[in-house]
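Each protein sequence line maps, in turn, to chains A and B.
Residues 90 to 611 in the numbering used here are what the first sequence lists, from first letter to last.
Residues 916 to 1257 in the numbering used here are what the second sequence lists, from first letter to last.
Please read the structure below before turning to the comments.
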Amino acid sequence: MTSTTETRITIAPRPRLPAASSWTLTIAVVVALLALLPLGFVLWATVVTGWETALQLIFRSRVGDLLVNTVLLVVLTIPICAVLGVSLAWLTERSDLPGARFWSWLCVTPLAVPAFVHSYAWIGLWPGFNGLPAGVAISVVAYFPFLYLPLSAAFRLLDPALEDQAASLGLAPFAVFRRVVLPQLRLALCGGALLVGLHLLAEYGLFAMIRFDTFTTAIIDQFQSTYNGVAAYMLALVLVLCCFVLLGLEASLRGRSRYARLGPGVARRPKIARLGKWKYVALLLPAVTAAFALGVPVLTLSRWLIAGGAGVWRLDEVGLALWQTLAICLIGGLATTAAAVPIAWLSVRRPTRASRFLEGCYYLASSMPGVVVALALVTITVRAMLPLYQSVATIVLAYVVMFLPRALVSLRASIAQVPVEIEQAAASLGRSPGNALLATTIRLAAPGAAAGVALSSLGIMNELTASQMLAPNGTRTLAMAFWALTGEIDYAGAAPYAVLMVAFSLPLTFLLHHQSKKIAGR
Amino acid sequence: MTFLTLTSLRKQYGSVAALDGIDLSVTAGSRTAIVGPSGCGKTTLLRLVAGFDAPDEGGIVFAGQQLADARSQVPAHKRGIGIVAQDGCLFPHLTIRQNIGFGLEAEASVKNARIAQLMDMVGLDPAMLARKPDQLSGGQQQRVALARALARKPRLMLLDEPFSALDTGLRAATRKAVTDVLTAAGITTLLVTHDQGEALAFADQVAVMRAGKFAQVGSPREVYSRPVDVATAAFLGEAIVLPAEVADGRAQSPLGVLPVDDIAYRGKAEIMLRPEQITVAQNGGDGVFATVAEINFCGPISDVRITLGDAFTFRLDIPSRETLSAGDRVTIGVAGAAHLFR
C-alpha cells in the first residue's frame, strides 16, 4: 500500500537532544556525582576497613547503646510531633479558634530558632534537665513545625465535598475524620515525619548540650578527641543505614496513590468547625506549645542579655562573626541555587527516567547527616587534595550537598509556572536554546530562585556540625561562636549570637510559611 | 402520601438570600426535579435537605420526622438520605470496592455479595472493583457514586447535577440507567439540574426555581404548556409570545384568531405558543400569510425568522427543506390552544 511506503519515507530519525539539554544534563550529572561523594566515601571506607574490623567496630556495646538511644528518640518524638502537628493544623485551619492566623504564624516561628539554641534555652531554665526526656521534649518543640507546615497546607487542599459525602453515607464526624480526612493527610504526614526523623539523626548541638548521646554526637566526639578514623567511619556507616531505614519506611508507607480532587471545578471552601464552649480549652494547646517553643527561648535569651548587659556585645567579635556568616550564607545560597538550576529545568521541561533518577540522587545525598558529609569531605581533602582542606570551596560543596533540595523545590515550582511557549517564542525569534532559556524562563523564575537562595541560606546560617568540621581557619560563624562560648559556659556571652541568628532567620521562616500557603492556593 | 415537606425555607449567605421561602411537597416513590439557572439556589436547597447546611428559617419534615427547623437539626449521618454529587465525589484514596462498601456495616461475605449486587444493578463490570476512581471514565464514576449511595438503601436520593459533567452521548444513557435503577428500587428522588430538557424528561414533578424562589411547581406537561409567566416559559423552551385581545376563550392576535386555554378572561393580554404548535406551509393552506426574513441552515433543522404583516417578527426552528429561502411567502398555521398569561 502506498500509504505505508509514504509513512516509511516521512519517518525521520528521532532528533537527538538539543545542545542545551545535553549540556544541562552533563552538569546535572556532575553535580549529582559530587553530591553522592559522601555516601560513596562511607561505602569505600567500609570496604577498605575490611569485614573483620568493620564487624568488630559495629557489633559492640557502645554502638548498641547509641542505637537504643536513637531508636527511642525517633520512636517517641515522631508520633508526638505528628499528633501535635495534626491537632494544631486542624485547629488553625478548620476550626473557629480565636486568632487562628496568629497561632498559625506562631506554629512556624520555632523554625527560626536553631535546634541547639532551643536546647540552650531549656537548660538555661532547667539546668538539670537532660537525657532522653529532655531530648524528646526539646526535639518536639524544635521540629514539630516540619509536620505542621505540610499538614496545614494539606488541610487547606482537602475537598470538603468528600467529608459531606461520607456524612451522607452514615458516618459520624469522628469516623469521617478517621476514614476520609486522615488518609488524605498521609502524604503530608509521611513527608513531615521523614524530615523530623532525618533531623533527629543529623542534629549535633541540641543533643550534645543536654548530654544525650546519638550517633552524630559520638562521631564528633570520636573525631575531636582521638581522630580515630576507622571507628568514626563505622559509626557513620550505621548512621547512614539508619537514614536508609527511615527513607525506606517513608517510601513504603507513602504509597503511590493519587489524592488530588477527581472532579472538575474549584473545591468549595472547607467548613469551619464550631468549637463552642471548647474554644478556651482548645486555645490551651497552641498557647502551651508557643510557651515552650518560643517563650522559653525568649525568656532565657532575655535573661542572659540582661545579666550580660552591654558588655556581651563585643562589636568587633560579634560584627566579624555576623559579617562572615552573611558572606558564607550568600556564597553558599547562590552556589546551591546555581547547582539546582540544571536539574530543576530538566525535571520540568524534559522529564525523563534519567532526570527523575538524578533528582532522587540529590534527595538521597541531602538526607545524609551533616556529620557524614563533613567527615567524608575532610578525609578526602586531607588524603587526596590537601590544598582544598578547610577551604571555602569545600565548605560550600558541603552546603550544596546538604541544602540543594531546598533550592530545587522553589526553582521547580517557579519554572513550572513559566509556559514553555515563551521559551519557544524566544527561540523562534532567533535566540539560541541556551540564550532563550536565560532570556525567558530563568528571568521569569527569578522569584523562585531568590526564594531558593533564601531557604538554603536559612539552613546554612543555623548549620553547626559541618561548619565546625570544615570551616576555613579563622572563620567563626554565628553558630560556631555561639557553640564555642556555650562550651566555655559563657551563656551570657553566647546570647547575642543566638539573638542575631534568630533575627536573621525570622524573615526567612515567614517566607517559608508564605510559600507553603501559596502552594496551597491561598 | 407526602413523604418530604419543605416549609418556608430560608438561607442567607452574607447579604445574599440563597433561598427565599421555599415550600415543596414530595410524594413517596416520586421523582421531583428542581430546575433553574446556575446561582438560583438549587444546590443550597439540596445541601439543606442532605443536612450539610442548616436553614436560617423554615422546616424540613421527612417521613414524619422533623429533620430541621430554625433551632435544631438532625446531622447528615443520621438522616438516611443518599446523595450523588456532580462529579461523583468518589474517595480518591479508596478502591471502587471500598468506595461502594464505605457506608456498609456488615461482615465481609455479606458486604461483598451486596457490592456485587450493586455493581450489577448499575451495570458495571465486577472486574473494576479493584481499581481506583481515577482509572474510571466519568460515566463509570457516576455509576459507582450511585451504587455507593444505594448501598445503604436510602429512602430518599438526592442527585446534584449528576449528569452535567458527562458528554452529550453518555449523558442520556447514564440518565436512563440511573432512572431505571431508582424506579426499580422505588426510591423517592430529588434531582437538581440547570438543564430543562433533563428535568422534563426525568421527573413527575418539576419545580422551576429563580433567585431563591420557586416560580412554578407542577407536572412536566403543566409547567411546559402552562407556565406562570414569560420568564418561566422562555426558560423551559422556545416560546413565541404574542400580544392579543382576548374574549370568550378566543384571542385576536397577529397569527389570527386562536383558541386560548382561559375562557373567563376578557381584555388585552400576552399569549404563548410553543414552536411545535406552528406549521410553516409554502403552498397555501389554512393560516395567515407571512414572509421568511432570514434563514440559517443548521443540518436537520433550519433557524428561520418570520415577519408578519405589520413588522411583528418571531424566530422558529423548522425541519430543513431545500426549497425554502429568504424572502419567500409562507402560510403560518397553528394547532391547539394558545396559553394565556394572566
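Backbone N, C-alpha and C fix where the C-beta goes; we use that ideal spot for every residue, glycine too.
For the set A:P561, A:G582, A:T564, A:G563, the Cα lying nearest the Cα of F571 (chain A) is the one of A:G582.
At a cut-off of 7 Å between beta carbons, L364 (chain A) makes no contact with chain B. With contacts defined by Cβ atoms closer than 7 Å, T1108 (chain B) and Q1131 (chain B) do not form a contacting pair. In this structure, the beta-carbon distance from S257 (chain A) to A965 (chain B) falls below 7 Å. Interface annotation for the segment 255-281 of chain A against chain B: A255, A256, S257, L258, G259, L260, A261, P262, A264, V265, R268, V269, P272, Q273, R275, criterion Cβ-Cβ distance under 9 Å. Here G281 (chain A) really is in contact with G174 (chain A); their C-beta atoms are around 7 Å apart, less than 8 Å. With respect to the C-alpha of D1176 (chain B), the residue from B:A1162, B:P1169, B:L1170 having the closest C-alpha is B:A1162. Taking the CA atoms as reference points, S455 (chain A) sits about 14 Å from E292 (chain A).
Close partners of A568 (chain A) in chain B (Cβ separation under 9 Å) are lacking, with about 42 Å as the shortest Cβ gap. Straight-line spacing of the CA atoms in M491 (chain A) and Y452 (chain A) works out to 9 Å. Chain B places a beta carbon closer than 7 Å to that of A250 (chain A), counting this residue as a contact.
By the C-beta criterion, the segment 1048-1062 of chain B is judged to be in contact with the segment 1075-1093 of chain B, since at least 3 inter-stretch pairs fall below 8 Å.
A1118 (chain B) is positioned such that its CB atom lies closer than 7 Å to that of T947 (chain B). Taking a 10 Å sphere around the C-beta of G153 (chain A), we find fewer than 16 other C-beta atoms and assign the residue as exposed. Under a 10 Å Cβ-count criterion, T1098 (chain B) is classified as exposed, with fewer than 16 other Cβ atoms of the shown protein chains found around its own Cβ. The count of Cβ pairs closer than 8 Å, one atom from the segment 927-937 of chain B and one from the segment 990-1001 of chain B, stays below three, leaving the stretches out of contact. Rounded to the nearest whole angstrom, the CA to CA distance from G974 (chain B) to K926 (chain B) is 11 Å. When DSSP states are grouped into helix, strand and coil, Q1197 (chain B) belongs to the coil group.
The Cβ atoms of L335 (chain A) and P458 (chain A) lie no closer than 7 Å to each other. At least one beta carbon of chain A lies nearer than 7 Å to the beta carbon of C1004 (chain B). At least 7 Å separates the CB of R1012 (chain B) from every CB of chain A. Under the DSSP assignment, N1211 (chain B) falls in the beta strand (DSSP E) whose first and last residues are 1203-1213.
Of the candidates B:E1153, B:Q1111, B:D971, B:G1224, the residue whose Cα lies closest to the Cα of P1135 (chain B) is B:Q1111. Cβ-Cβ separation between A171 (chain A) and T181 (chain A): approximately 16 Å, too far for a contact (criterion under 8 Å). For T414 (chain A), the closest of A:A433, A:L589, A:S436 by C-alpha to C-alpha distance is A:L589.
C-alpha of Q513 (chain A) to C-alpha of A1088 (chain B): approximately 44 Å in a straight line. Within the segment 149-162 of chain A, no residue has its Cβ closer than 9 Å to any Cβ of chain B.
As computed with DSSP, T922 (chain B) is found in a beta bridge with B:G974.
Under the criterion of beta carbons closer than 8 Å, L1005 (chain B) and V941 (chain B) do not qualify as touching, at roughly 27 Å.
Taken atom to atom, the span from the alpha-carbon of L165 (chain A) to that of L527 (chain A) is near 48 Å. Using beta-carbon distances, D253 (chain A) counts as an interface residue toward chain B, with a partner under 7 Å. The segment 1142-1170 of chain B contains, as complete beta strand (DSSP E) runs of 3+ residues, the segments 1155-1162, 1165-1168 (chain order).
For G1018 (chain B), the chain A residues whose Cβ falls inside 9 Å of its Cβ are A255, S257, L258, G259, L260, in order along the chain. For H1109 (chain B), the nearest beta carbon of chain A is not closer than 7 Å to its own beta carbon. Taken atom to atom, the span from the alpha-carbon of A223 (chain A) to that of A124 (chain A) is near 34 Å. A straight-line Cα-Cα distance of about 33 Å links F1017 (chain B) and L284 (chain A).
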